[in-house]
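*Asks:* Following this message is one structure expressed as structure tokens.
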Amino acid sequence: MIEAIPDLVHHYNHWVSIFLMVCGLYIVVARGNMVKKLVGLTVFQTAVFLLYISAGKILGGTPPIIAEGYEHYANPLPHVLILTAIVVGVATLAVGLGLVVRINEAFGTIEEEEIFERGEQE
Amino acid sequence: MLDLVIDAISWILILAGSFFLVVGAIGLNRMPDVFSRLQATGVSDTAGAGFILLALVFQAGFTLVAVKLIFLILIFLFTAPVATHAVTRAALSVGVTPRLFDASGRQRRKITEEVMRAKTAARPEPAAQQKGKGKPGARKKGGRSSKR
Amino acid sequence: MMFAVAAIAVLIALALAVVRVLAGPTVFDRLVAANKIGNAVILLVAIFGFLTGRPEWLDIGILYGLLNIIAVFAVLKFLRYGDLGVTGGEEPTD
Amino acid sequence: MVLLTLLAVVAIGIVRLRNLFAVVILGAVYSFLIATVFLVLDAPDVAMTEAAVGAGIATVMMLAVLHLTKTDESRPRQPQIFPLFVSAVTGAALIYGTLDLPPFGEADTPVHTHVGPYYLSQSIPDTGVPNVVASVLASYRGWDTLGEVVVIFTAAIGVLLLLRRAQRPTRQATRSRRDAP
Chain A
61 MIEAIPDLVH HYNHWVSIFL MVCGLYIVVA RGNMVKKLVG LTVFQTAVFL
111 LYISAGKILG GTPPIIAEGY EHYANPLPHV LILTAIVVGV ATLAVGLGLV
161 VRINEAFGTI EEEEIFERGE QE
Chain B
226 MLDLVIDAIS WILILAGSFF LVVGAIGLNR MPDVFSRLQA TGVSDTAGAG
276 FILLALVFQA GFTLVAVKLI FLILIFLFTA PVATHAVTRA ALSVGVTPRL
326 FDASGRQRRK ITEEVMRAKT AARPEPAAQQ KGKGKPGARK KGGRSSKR
Chain C
15 MMFAVAAIAV LIALALAVVR VLAGPTVFDR LVAANKIGNA VILLVAIFGF
65 LTGRPEWLDI GILYGLLNII AVFAVLKFLR YGDLGVTGGE EPTD
Chain D
163 MVLLTLLAVV AIGIVRLRNL FAVVILGAVY SFLIATVFLV LDAPDVAMTE
213 AAVGAGIATV MMLAVLHLTK TDESRPRQPQ IFPLFVSAVT GAALIYGTLD
263 LPPFGEADTP VHTHVGPYYL SQSIPDTGVP NVVASVLASY RGWDTLGEVV
313 VIFTAAIGVL LLLRRAQRPT RQATRSRRDA P
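Chains as they are written, first to last, in our numbering: chain A, 61 to 182; chain B, 226 to 373; chain C, 15 to 108; chain D, 163 to 343.
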């Protein structure tokens, strides 16, 4: 128990991000509602963002905006990647929500199981 | 000397602001229904945020940061009451009734008044004090809802 | 020290509001608590800037304030004019 | 750390709740919290973008979709053992993987020793922009950002096409239904 404490301190960010990732995965796999699945995808995405950003942090550093009197800056590359990923993620979310609306028009429901039943009947 | 005075003022403001924030959060958890929760958190939240930001203004001095903080205070002062008011109206229009009414919309206060009267018959003075202590804000909101 | 006290108070308020968000029986409870979480986050941003000695990110706080009220109003507008608003009788005319 | 714990709690709430309104509100809260975590982890630009996108645009889009569809999630019919098992195994494997990661926040990890210092030292002489994230995004990786704009444009076209297609058949369907009797 005692020897797990440094692990906890050193990897807390990683573990929380993995926990969020598993939550998102569970929502996507287990829940049948399409909107809920998209929320799960968003949670999954943010977990990945958190993993990247916590890799870029230096303890005792400051944000990567150059100013006088600071020496350690956080790594700017993960930030750039994640900025791009966030914007691409919202584009994906928009397309997914459009698909949900279209599915609702076609089948009258957004639950996965009911859609499957509808497909088997026809 | 001036630094000491500024620090003291900031300490007082920050302690007051923290007190209001925590009390508002506790009220958010302890109050029975939406409207009293709104009253608990909306008022004290604005006060607490205003105090803490004011303390930060004192710490920042005459810089750009202070201007931004003043903008933040203004945003708080304008948006928090508007948001509270909007939540209240929406809750009333959707049909959430305050706790003073039972499910059919009849005033529950009559029942409590009967209880009070029974208590008053037994022990006059403290019950009368308790009756005067009823929440006026909640009663006003309830009156509006019954008119609707 | 002063900022640490304020940050701890804001964190306590944040945790209590999260409890209410998770427990709130109606949507409005969650909405009120979400609004309070937004306020607490703004305060935390402001205090954190002072705590680390670079208080230059207050623009983010202002942005959060505006987004907070936008989110609240989006949900409220949907609640009043969407499918749930019909059950509440007549709408106010303003 | 406290913020991260609150984040995990909110994620559990998102998993458990069935009212989609509450899920959307919790999504906005989650977005605010994770934006604050980004700010604490020294990424103010990412925090700003995440708050604007997650709490602003995503919430409004989700609400619009909920307006067009229904707002309650139905209960799953069979017990959900298998997804839980898959998630637990994945999580365990990933946590086993993190034990080999370098500790959080050290300066001499491979992430910080290759390309990052180059950008940090060359940004001012090359572009004159003090914000290194902005200079990398707009100057060093301008083509990348152009591709991002293309992605957004494609997504907008896709959504427009989907909604346009969605409107026309229903109108035809109502017309044919009206013509049928």
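Here a beta-carbon is modelled for each residue, glycine too, at the ideal position from N, C-alpha and C.
1) Spatial neighbours of Ala173 of chain D within its chain, please: CB distance less than 8 Å, with the 5 preceding and 5 following residues excluded, ordered by chain position.
2) At a CB distance below 8 Å, what residues from the stretch 144-155 of chain A approach chain C? Give them in sequence order.
3) Roughly how many angstroms separate the alpha carbons of Val177 of chain D and Ala18 of chain C, rounded to a whole number?
4) Between the beta-carbon of Leu56 of chain C and the beta-carbon of Gly79 of chain C, is there less than 8 Å?
5) Determine, using beta-carbon pairs with one atom in the stretch 266-275 of chain B and one in the stretch 69-79 of chain C, whether at least three such pairs fall under 8 Å.
6) In terms of DSSP beta bridges, what is Tyr133 of chain A paired with?
7) Once the 5 residues before and after Arg337 of chain D are set aside, which same chain residues still bring their CB inside 8 Å of it?
8) By the criterion of Cβ-Cβ separation under 7 Å, what are the contact partners of Ile74 of chain C in chain D?
9) Could you pull the DSSP bridge partners for Asn293 of chain D from this structure?
10) Which residues of chain C have a Cβ atom closer than 8 Å to the Cβ of Val267 of chain D, listed in chain order?
11) Can you tell me whether Glu177 of chain A is helix, strand or coil according to DSSP?
12) Could you list which residues in chain C have their beta carbon closer than 7 Å to that of Leu263 of chain B, in chain order?
13) In chain B, which residues lie less than 9 Å from Ala18 of chain C when you measure between Cβ atoms?
14) Which bits of chain B does Ala23 of chain C rub up against, with CB to CB less than 7 Å?
15) With a threshold of 8 Å between beta carbons, is Thr122 of chain A in contact with chain C?
16) Any beta carbon from chain C within less than 8 Å of Arg337 of chain D's own beta carbon?
17) Using 8 Å as the cut-off, can you tell me whether the stretch 101-117 of chain A makes contact with the stretch 43-63 of chain C, which would need three or more C-beta pairs spanning the two stretches below that distance?
18) Would you say the stretch 85-99 of chain A touches the stretch 117-125 of chain A, given that touching needs at least three Cβ pairs under 8 Å?
19) For a cutoff of 8 Å on Cβ pairs, would you count Phe287 of chain B as touching chain C?
20) Might you give, ordered along the chain, the residues of its own chain that have their beta carbon closer than 6 Å to the beta carbon of Asp43 of chain C, omitting 5 neighbours on each side?
21) How about Tyr258 of chain D: is its C-beta nearer than 8 Å to some C-beta of chain A?
22) Grouping DSSP H, G and I as helix and E and B as strand, with all else coil, what is Glu70 of chain C?
23) Expressed to the nearest angstrom, what Euclidean distance is found between the alpha-carbon atoms of Gly304 of chain D and Val140 of chain A?
24) For chain C, check one thing: does any of its Cβ atoms lie closer than 8 Å to the Cβ of Gln334 of chain D?
25) List the residues of chain C whose Cβ lies closer than 8 Å to the Cβ of Leu278 of chain B, in chain order.
26) Check Glu268 of chain D in the structure and name its three-state DSSP category.
27) Residues in its own chain within less than 7 Å of Asn164 of chain A by CB, not counting five upstream and five downstream?
28) Assuming Ala250 of chain B contacts Ile26 of chain C under a Cβ cut-off of 8 Å, what Cβ separation, rounded to an integer in Å, is found between them?
29) According to DSSP, simplified to helix, strand and coil, what is Asp43 of chain C?
30) Spatial neighbours of Val69 of chain A within its chain, please: CB distance less than 6 Å, with the 5 preceding and 5 following residues excluded, ordered by chain position.
31) If we require 4 or more residues per run, which alpha helix (DSSP H) segments fall completely within the stretch 199-285 of chain D?
32) When the Cα atoms are used, what is the spatial distance from Leu168 of chain D to Asp232 of chain B?
33) Can you tell me which residues form a DSSP beta bridge with Glu171 of chain A?
34) Roughly how many angstroms separate the alpha carbons of Leu294 of chain B and Asp207 of chain D, rounded to a whole number?
35) Taking only the alpha-carbon atoms, compute the straight-line gap between Leu203 of chain D and Asn135 of chain A and give it to the nearest angstrom.
36) Please report the straight-line C-alpha distance between Gly290 of chain D and Ala190 of chain D, rounded to a whole angstrom.
*Replies:* In this structure, then:
1) Annotation for Ala173 of chain D: Tyr192 place their beta carbon closer than 8 Å to its own, counting only its chain and skipping 5 residues before and after.
2) Per Cβ criterion, the list is empty.
3) 33 Å
4) For the sequence presented, residue 56 of chain C should be read as Ile rather than Leu. In this structure, Gly79 of chain C lies closer than 8 Å to Ile56 of chain C by Cβ.
5) no
6) A:Thr122
7) Any reading at Arg337 of chain D needs caution, since the residue's pLDDT is 48, under 50, leaving its predicted position unreliable; the model's value is listed next. Result list for Arg337 of chain D: empty, nothing under 8 Å.
8) Those within 7 Å of Ile74 of chain C in chain D are Leu201, Pro206, Ala209, Met210.
9) A:Ile125
10) Checking the sequence, you will find Gly at residue 267 of chain D rather than Val. Neighbours of Gly267 of chain D on chain C: none; closest Cβ ~14 Å, over 8 Å.
11) DSSP places Glu177 of chain A in helix when its eight states are reduced to three.
12) Val46
13) Under a criterion of Cβ atoms nearer than 9 Å, no residue of chain B is adjacent to Ala18 of chain C; the nearest Cβ is some 10 Å distant.
14) Ser243, Leu246, Val247
15) yes
16) Annotation note: pLDDT 48 at Arg337 of chain D (below 50); position unreliable, coordinate value reported separately. No - not a single Cβ of chain C is within 8 Å of the one on Arg337 of chain D.
17) These segments do not touch.
18) Note that the stretch 85-99 of chain A does not touch the stretch 117-125 of chain A; fewer than 3 beta-carbon pairs, one per stretch, sit closer than 8 Å.
19) no
20) By the criterion of a C-beta distance shorter than 6 Å, Asp43 of chain C is surrounded by no residue of its chain, once the five residues flanking it on both sides are discounted.
21) no
22) coil
23) Roughly 11 Å separates the two Cα atoms.
24) Model confidence at Gln334 of chain D stands at a pLDDT of 48, short of 50, so the residue's coordinates are unreliable and nothing is read from them.
25) Leu57, Ala60
26) coil
27) Ile170
28) 7 Å
29) helix
30) none
31) 206-212, 221-230, 243-260, 272-275
32) 32 Å
33) A:Asn93
34) 19 Å
35) When only Cα atoms are considered, Leu203 of chain D and Asn135 of chain A end up about 11 Å apart.
36) Approximately 36 Å, taken between the alpha carbons.
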